[in-house]
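Top to bottom, those sequences are chains A and B. The opening residue of the first sequence carries number 1 in our numbering; numbering runs sequentially from there. The opening residue of the second sequence carries number 1001 in our numbering; numbering runs sequentially from there. Every residue, glycine too, gets a C-beta built ideally from N, C-alpha and C. The structure displayed is predicted, hence computed values, not measured ones. Worksheet: one structure, shown below.
Protein chains: 2
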Amino acid sequence: MPDQLTIGLLGGTGPQGRGLALRFGLAGHRVLLGSRDPGRAAGIVAELVGDRGLAIEGVGNPDAAAGADLVFLVFPFVGQAEVLPDLAGPIGDKVVVDVVNPLGWDDQGPYLLEVPEGSAAEQAAALLPRARVVAAFHHAAPRLLADPERQVETDVLVAGDDPAARGLVLELADQIPGCRGVDAGPLRMARHLEGFTAVIVGINRRHKIHAGLRISRLGDDKRRRLNAELRPARGSGGLKERSAGGVRGTPEGCPGESSARGASPPENRDREEGP
Amino acid sequence: MPDQLTIGLLGGTGPQGRGLALRFGLAGHRVLLGSRDPGRAAGIVAELVGDRGLAIEGVGNPDAAAGADLVFLVFPFVGQAEVLPDLAGPIGDKVVVDVVNPLGWDDQGPYLLEVPEGSAAEQAAALLPRARVVAAFHHAAPRLLADPERQVETDVLVAGDDPAARGLVLELADQIPGCRGVDAGPLRMARHLEGFTAVIVGINRRHKIHAGLRISRLGDDKRRRLNAELRPARGSGGLKERSAGGVRGTPEGCPGESSARGASPPENRDREEGP
């Protein structure tokens, strides 16, 4: 795995796509910001990059998919099912990171849309049967991503069925200052990550903030060690770490204690409930 | 609103019920820990209280429901629909806090069970049509609740359709050292709180910790001010604050900035996407 990846952002002209493009460019990656309209993508990139000298290019979605090592889906939810079938060819068996939050809004505030596949990410997996789909970056506030002077204060929960793909995306998350990649398990967890965005959007609206979330009691040493185990052995030693100084640690967990709680697996319930 | 409430914990003999009983007892409330078997409840309370001199009693579920000012549901999910219809009478129009996480477990780990009403809390609301149901405390680790020497490091997200009921439960959450009550909006958000427990249980299992979650960038001054606005005016000035020293603050949000992100309501989308 080289230190520099080429990252394609499909549907990347919205706030989330622009923010991720900027952060991945600052982390030293080459970014292909894709749009249905390559001219619009080029204009947005010119504005985004300014005189920063970052390797970000605005291109059409198919070129972003074909030219990338891994691909982010940052469409609005309604666009995903329309656009993906035509991109399945150039995407092939790449790692695909679905950032899409299928949210609606009514007089009670934000709510999660019904997705027959269970989540936007599982819909993408159904439309891209060869790709290794993971769900991640739902809770990274676009306003914070867009401002390189600010920390993006959130844990990036990464769900997917391919451990090496999860490991790669966890490593990418750690490269954004203030973000911590946290393994959230199989792809079926995506619905809960997407659903929790509705909670955060409601909290943002109520409190006028750009919130994220932190998993408490998750120590960084253990987190990094377990995340690294997901990646196949690499000559380069992994992606370059750029965010360590910016991440506020939380105290280490409690080594030796049992991990399950609440919904322990049945065979552990008696032990968990103890005296 | 008196400083001391009588809190009924229905199905309170499990780890979550025992932990909440202990913490509410330590906060100065009177607790009725209910079980189908009053003798079992009394035995568990004797062990839990020891020589602490806390006002916790073990009783039958109907007595806990009838004698309480507000009621917690801490059943296993399968028990809730069986037991609640018989308790609707004594519960009446009280505030009901549903802590139930409808989780299953298979070879991929924890997963959320299908609940026709949308969530365990909405099921409770359907079975208790007069009660003011809120969903809360899903992410407070029983192992931490059970140990008064430790902080329960989590934000307690509170969802419900009755603002005064939400406000009361937010205030209760603030009384447990390490917990912060955060308004999570209407009751339909309960499904996302319950679903996120599956994510946390998986993280616990993987990392061998007792995790919770924190909403980042949510400043305590703003949080407390908005929470207090949910409560009707009271002579006593609200429940006594006991946890302030134990809560680690997060930096204040960004006053004056727009709050929405990701799924902005349609009328704000253009403004939100602006350069």
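Query                                                                                                                                                                         : Result
Excluding the 5 residues preceding and the 5 following B:LEU1157 in the sequence, name in chain order all residues of the same chain whose CB lies nearer than 6 Å to its CB. : VAL1182, ALA1184 and LEU1193
Looking only at its own chain, which residues have a Cβ that is under 7 Å from the Cβ of B:LEU1113, when we skip the five neighbours before and after it?                     : PHE1077, PRO1102, LEU1103 and GLY1104
Would you call the segment 1215-1232 of chain B and the segment 1142-1150 of chain B in contact, with 3 or more CB pairs under 8 Å?                                           : no
Using the three-state DSSP reduction, which class does A:THR6 fall into: helix, strand or coil?                                                                               : strand
By alpha-carbon positions, which one of A:ALA65, A:VAL115 and A:VAL49 ends up nearest to A:VAL95?                                                                             : A:ALA65
From this set, B:VAL1201, B:LEU1213 and B:VAL1045, which residue's C-alpha is nearest B:CYS1179's C-alpha?                                                                    : B:LEU1213
How about B:VAL1045 and B:PHE1072: are their beta carbons less than 8 Å apart?                                                                                                : no
Measure from the C-beta of A:ILE91 to each C-beta in chain B and report whether the shortest distance is under 8 Å.                                                           : no
For A:VAL133, which residues does DSSP report across the bridge?                                                                                                              : A:VAL96
Taking 8 Å as the CB-CB limit, is B:ASP1003 close to chain A?                                                                                                                 : no
Which of the three DSSP states, helix, strand or coil, is assigned to A:GLU153?                                                                                               : coil
Determine whether the Cβ of B:SER1216 lies closer than 8 Å to any Cβ atom of chain A.                                                                                         : yes
In this structure, does DSSP put B:VAL1083 in helix, strand or coil?                                                                                                          : helix
Going by beta carbon distance, what residues of the same chain come within less than 6 Å of A:ARG18, once the five residues before and after it are set aside?                : LEU48
What three-state label does DSSP hand B:ALA1046 in the structure shown?                                                                                                       : helix
Could you name the residues of chain A that B:GLY1202 contacts, counting a contact when the two beta carbons are closer than 8 Å?                                             : ALA184, GLY185 and MET189
Under 7 Å Cβ-Cβ, which residues of chain B neighbour A:THR154?                                                                                                                : SER1216
When the cut-off is 8 Å and only beta carbons count, does A:HIS192 lie next to chain B?                                                                                       : yes
Mind pulling the chain A residues with CB within less than 9 Å of B:LEU1033?                                                                                                  : Chain A residues near B:LEU1033: none, gap ~15 Å exceeds 9 Å.
Which residues in chain B sit within 7 Å of A:PHE196, going by Cβ to Cβ distance?                                                                                             : HIS1192 and PHE1196
Tell me the DSSP secondary structure of A:GLU57 in three-state form.                                                                                                          : strand
Would you list, in chain order, the members of the segment 1101-1127 of chain B that have their beta-carbon closer than 8 Å to a beta-carbon of chain A?                      : ASN1101, LEU1103, GLY1104, TRP1105, GLN1108, GLY1109, PRO1110, TYR1111 and LEU1112
I need the DSSP call for A:ILE215, collapsed to helix, strand or coil.                                                                                                        : strand
Ends of the alpha helix (DSSP H) at A:ASP221?                                                                                                                                 : 220-229
Taking the DSSP output, what are the residues bridged to A:ALA159?                                                                                                            : A:ALA135 and A:GLY185
In the DSSP assignment, find the alpha helix (DSSP H) that holds B:GLY1019 and state where it starts and stops.                                                               : 1015-1026
Which residue comes first and which comes last in the beta strand (DSSP E) that contains B:GLY1104?                                                                           : 1103-1106
I'd like to know whether the C-beta of A:VAL199 is nearer than 8 Å to at least one C-beta of chain B.                                                                         : yes
Count the other CB atoms, across all protein chains shown, that sit within 10 Å of the CB of A:ASP86; report buried if there are 16 or more and exposed otherwise.            : exposed
Give a yes or no on whether the minimum CB-CB distance between B:GLY1025 and chain A is below 8 Å.                                                                            : no
Below 8 Å on the Cβ atoms is my contact criterion, and I expect B:ILE1056 with B:GLY1025 to pass it. Report the Cβ-Cβ distance as a whole number of Å.                        : 5 Å
Go to A:ARG30, then tell me how far its beta strand (DSSP E) extends in each direction, as first and last residue.                                                            : 30-35
I need the DSSP call for B:GLY1109, collapsed to helix, strand or coil.                                                                                                       : strand
For B:GLY1118 versus B:ARG1191, is the C-beta spacing smaller than 8 Å?                                                                                                       : yes
Between B:PRO1038 and B:GLY1060, what straight-line distance do the alpha-carbon atoms span, to the nearest angstrom?                                                         : 4 Å
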